[in-house]
Every structure is written in C-alpha cells, then in structure tokens.
Amino acid sequence: MDLKIARPLTLPCGLTVPNRLAKAALAEGWGDKNMLPDPSLVETYGSWADGEWGLIMTGNVQVDAAYLGTREDNAVNDDIPREQHLESWRKWAKVCSRNGTPAIVQLNHPGRQSLPGAGSHGFFGKTIAPSVVPVRLGDGLIARFMSALIFGSPREMDAADVQHVVGRFAEGAKLSYEAGFAGIEIHAAHGYLLAQFLSSKTNKRTDAYGGSPKRRARIIVEIIKAIRAVVPKEFCVGIKLNSVDHQSQKELDECIEQLEAIVDAGIDFLEISGGTYENPEMMTGKVNPTVSERTAAREAFFLEFAHVIRDRFKGVPLMVTGGFRSRQGMEAAIRDGGCDLVGIGRPAIINPFLPKNTIFNAEVDDEQARLYAKNVAPSWLSKVLGMRSVNGAAETHESYSEWDGSGHWRPFRIKDVFLSGSPRQLGSLASSPTSSIPAASSTCSTSSARTGVDSPYAPLEADPEIFEPLTPEGAILLAKLDLYVSFVGGVRAPVATL
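Counted from 1, the sequence shown has number 353 at position 353 by the UniProt record's numbering; the numbering is strictly sequential.
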C-alpha cells in the first residue's frame, strides 16, 4: 500500500514523526494522590507505544494543582519535590517513546470548568476565569440551577493571576522537556481557560487581555514566548484550538486574527478540534448539518475549517481530530491537503494497536479498515431538564453505573462494542458489580447484531477462532473513563475528549 498517512512528517522544530496517525489527547485521569501518573496509566501508554502511532499525546495534564478538571487529573504539582516529579514523568516518557514514537504532553488549565473538589481550591473555593461568566449546561431553570451547583460562579482573574498561569505553562513545558518528552501541546480548546480568553462570549475584559481578538489571544502569545525561553528550539510546541466552521463569518475572521498572533509567536503544529461543555460537538459526534458534502464524505468533524486555515497559514502543520473512522477517510484528508496529521482518540482506546493491525496492515482491505462506534443519545431525563452535557466516552460504548457509596459512580457493565477492520470484529467487555476496574472478558461475543449502528456496511459474521477480546488495557481505560464522573440529571458530565 502506498499510503500518504504512512509517510513521515518533519515539523518546523525538526521533530520527525514516522507516520501521520496521532493518538490524540484524552482525559484519562489516573493521577495518584500526588497528581502523578498511576502505574496503570503508564502501562496503558505502553500499549499505544507498541501500536506504531506516529505521535502519542498525553491527556489533559493540568498546569496548576489548585485547579483540576477532575480529581484524578495528572498535574504539574509544586507541592512535591521536583526530583520526585521528574522521576515519575521520566518513566512515563520512556514508556511512551520506547518504540521510537515521539510523545507530547498536553498542558491545560480548566478555568471555570474545574469541578468542585478537583484541586486544592477545594469544594467551596471559586474557580478562575477571564470574566465572571458561569458555565451554562442548558437554558432551562433546572439546567441553570444544576450548572450553578456543579461549577458555581468563577472569579475574574487579575493581572497577577494571568502571569501566574503563564508561568505555570512554562514550568509544565520545562518539566516535560527535562523528563524526556519531545514537546508539549497548549490546550486552548473545549471551553477550558485559554479558550475562555479567546472567546468574546466568555472574555468581557477591558484590559490588555480583552476587547479586540488580538488582545484576547495575548495570554497565549505570552505563554508561547515563556515556554520558548525555557526549552531549546528543537522542543516541539503545538496548540489545540476549536474549529469555528459552525459559527459566523465574524467569528471566523476573529479566529484568523488571533491565529496570526499565535503563529507569529512560534508554533510547530496546530490541532483543530471543537466543542465545549456547553456545546459538546466533540462529545456527541454530531456535526453541523449544513457542512459541505465533501467534509461529510471525509468523516472528520472539522475539516472544513482546516481547509480555511490551510489556505491562510500554509506553513503551519495541521492536525485534525474528530470523526475519523476509516483508512479511506484518513488518507483522503491527508492527500487532499485538509490536514497533515490525523488525530484518533476514542478508537485508540478500543484498539490501541490501530495503526499496526488495521490502518497500515496490508492484509486488511479498505472496506474493513474502519471502526464502527455507536453514538449514545442523551437520556430522556436530560432532554426534559434541558441539559446539554454528555459523557465524552459515550460514543465507543454503552455503560451502566452504580453509586459506590463514597462519592463516585462506577461502571458495573460495559456492553458489546462492534469493531471492524482488525482481527477483533466483535469485542465484549463485562464484569459483575465490584469495586475493582473491569477487565476484558475471557470470551468474545460472536453475534453479528449491531442494533442502532448506522452504517452502509453489512456486519461480518464473527469467527471465534480468529477473534480475540479487547486488550486488558483498552478494557481498563474504557472503564476508567466512566469511573469518576459527575451525575447530573441523568447525564454524566464529559470526562474525555476525542
């Protein structure tokens, strides 16, 4: 096979990725009491390291231990000795890159989307944001009440707060470099703090960090410059931004103005995704119904916007994450110039070896080099309450949860997941109610039924002699994505991105 997605790519910093498939960042959690990666997380990254990905991106590492997205986030934690921090991250980096795949740490600050009790700000401390604009999960009275109960009202950041955040991102990048990672990605999407600064809807400031589009991007420019001051030029610095292909021309123009300032500051790649807690395109898998047939045919949620950016910023390598489910779709996006890298999130959980055993496997034809994943609709209660937030891991599996009595919901059953395009056509995960994390079942379902899966392709009959269950790591991570989540009006809040 002569696949462009299998060809290497050299980024402006000089880093060469062996192919164009990137394991995208996920909010896996699995941070220990010191906010360092749990051994189970490191083991899971070992599976991705063995999967022949071109790039591995860690999930959602918070730069400030005071403000986490969830209580199990990994974070840059100054409350522990620096050498202890580095030792833990060195092990993580070594496992991630053990087969030559570059590994990049995604650095983030949740801002107003920090959950109660997540971080040292505690249950009653206010979150921080550019302006006092609370999260709204819906327009109804109950939805507004629940939004206030979960997220509260943030405190507007002063100039000292802004500089503290800039410093935290720089420290996170320095730690990543010293630990042996190949680079970092600044998370400025999905409604987190930096995305809150970029948006006029959440940034009402009148100082140097608000007002015009360029001033709203100033904090990111300062972060990039601060990072560049503490790491060598060969260290990769990328950024993740929201797509605006579903928004107005004015917002598109403002985004381009902001990107001009960000690109001038010096980035090595731009990742395009989309969605927020309030408008979760990235979680639901639903895209703008008016997007062009070309974009729909290529599967990816955000390619339309990527083409606009490519035309304007020709020298910036683009990564698009969201919606890719087949070899043909990935290849078309690269060949047609829509992007340079393809980000894969939830399918990488189900099949950590996706590049090796499916996409780059010549024995798997194009018709089968794909993955089916069922979209799970919001519950009836969420519709009644007007809630918009959904579980970010919902697309890849259905799960049932029970209250464990200690403040968490845990899964006690994960239903069948249909997989196509690998030696595992049908994977089955199950466990009885227990406090332990479910592992892969010892047998594999042989039913070809795919109730609710909308696909033009007929299901294949499963041959139990050639099919095997999901990897234990994949099973554990699927369970983990549902383990520590808030339960609001029958809807779990998002804990995973694409």
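Just so it is clear, CB atoms sit at the ideal spot from N, CA and C, and this is done for glycine as well.
Paired residues, beta bridge with residue i - DSSP
i, result
"Ser326", "Arg370"
"Glu185", "Gln106, Gly238"
"Val61", "Leu107"
"Gly343", "Ala22, Thr321"
"Ile272", "Leu241, Val320"
"Arg312", "Partner(s): none; Arg312 has no beta bridge."
"residue 541", "Outside the shown range of the chain (1 to 498) lies residue 541, about which nothing can therefore be said."
"Arg155", "Ile128"
"Pro37", "Gly31"
CB of residue i within 7 Å of CB of residue j, strictly
i, j, result
"Pro347", "Leu371", "yes"
"Leu194", "Gly119", "no"
"Arg327", "Ala369", "yes"
"Ile219", "Ala188", "no"
"Gln258", "Ala217", "yes"
"Arg98", "Leu341", "no"
"Gly46", "Val105", "no"
"Asp73", "Gln84", "no"
"Phe302", "Ile262", "no"
"Trp53", "Lys23", "yes"
"Asp268", "Leu11", "yes"
"Val166", "Glu222", "yes"
"Met35", "Ala65", "yes"
"Gly111", "Ala93", "no"
"Gly183", "Cys236", "yes"
"Gly59", "Phe353", "no"
"Ser131", "Glu156", "yes"
"Asp48", "Leu41", "Inspection of the sequence shows that residue 48 is occupied by Trp rather than by Asp. Against a cut-off of 7 Å, the Cβ pair of Leu41 and Trp48 comes out as no contact."
"Leu86", "Glu178", "yes"
"Arg310", "Ile256", "no"
"Arg71", "Gly117", "yes"
"Arg133", "Thr202", "Per the sequence presented here, residue 133 reads as Val, with Arg not at that position. Yes, they are a contact pair."
"Ile227", "Ala173", "yes"
"Glu260", "Pro213", "no"
"Ala362", "Met1", "yes"
For residue i, three-class secondary structure by DSSP
i, result
"Glu43", "helix"
"Ile80", "coil"
"Thr127", "coil"
"Pro423", "At Pro423, the pLDDT of 30 sits below 50, so the modelled position is not reliable; the number obtained from the coordinates is stated separately. The answer is coil: DSSP assigns Pro423 none of H, G, I, E or B."
"Ala160", "helix"
"Ala6", "helix"
"Ile56", "strand"
"Arg71", "coil"
"Thr358", "helix"
"Val263", "helix"
"Gly31", "strand"
"Pro134", "coil"
"Trp409", "Low confidence applies here, because Trp409 scores a pLDDT of 32, under 50, leaving its location unreliable; read the following figure in that light. Here Trp409 sits in strand by DSSP."
"Val95", "helix"
"Tyr177", "helix"
"Tyr277", "For Tyr277, the predicted structure reports a pLDDT of 46, less than 50, and the residue's modelled location is therefore unreliable. The matter cannot be settled from this model."
"Gly337", "coil"
"Phe305", "helix"
"Asp253", "helix"
"Ile466", "Residue placement at Ile466 is flagged as unreliable, the pLDDT there being 27, under the threshold of 50; the coordinate-derived value follows with that caveat. The answer is coil: DSSP assigns Ile466 none of H, G, I, E or B."
"Lys214", "helix"
"Leu141", "helix"
"Phe353", "coil"
"Glu363", "coil"
"Lys225", "helix"
"Val166", "helix"
"Leu115", "coil"
"Ala208", "coil"
Supposed close pair residue i, residue j - CB separation, criterion 8 Å
i, j, result
"Gln113", "Phe169", "Rounded, the Cβ-Cβ distance is 17 Å, inconsistent with contact."
"Leu26", "Trp89", "Not confirmed; about 18 Å, so no contact."
"Cys13", "Lys204", "Actually they are not in contact, since the Cβ atoms of Cys13 and Lys204 sit about 36 Å apart, beyond 8 Å."
"Tyr192", "Val162", "No, Tyr192 and Val162 are not in contact; Cβ-Cβ is about 15 Å, not under 8 Å."
"Thr321", "Gly338", "That belief does not hold up - the Cβ atoms of Thr321 and Gly338 are roughly 12 Å apart, past 8 Å."
"Glu185", "Lys240", "6 Å"
"Pro154", "Thr127", "4 Å"
"Glu331", "Leu9", "Contact doesn't hold; Cβ gap of about 14 Å is too wide."
"Phe360", "Ala6", "6 Å"
"Gly100", "Pro18", "7 Å"
"Leu198", "Gly238", "Actually they are not in contact, since the Cβ atoms of Leu198 and Gly238 sit about 16 Å apart, beyond 8 Å."
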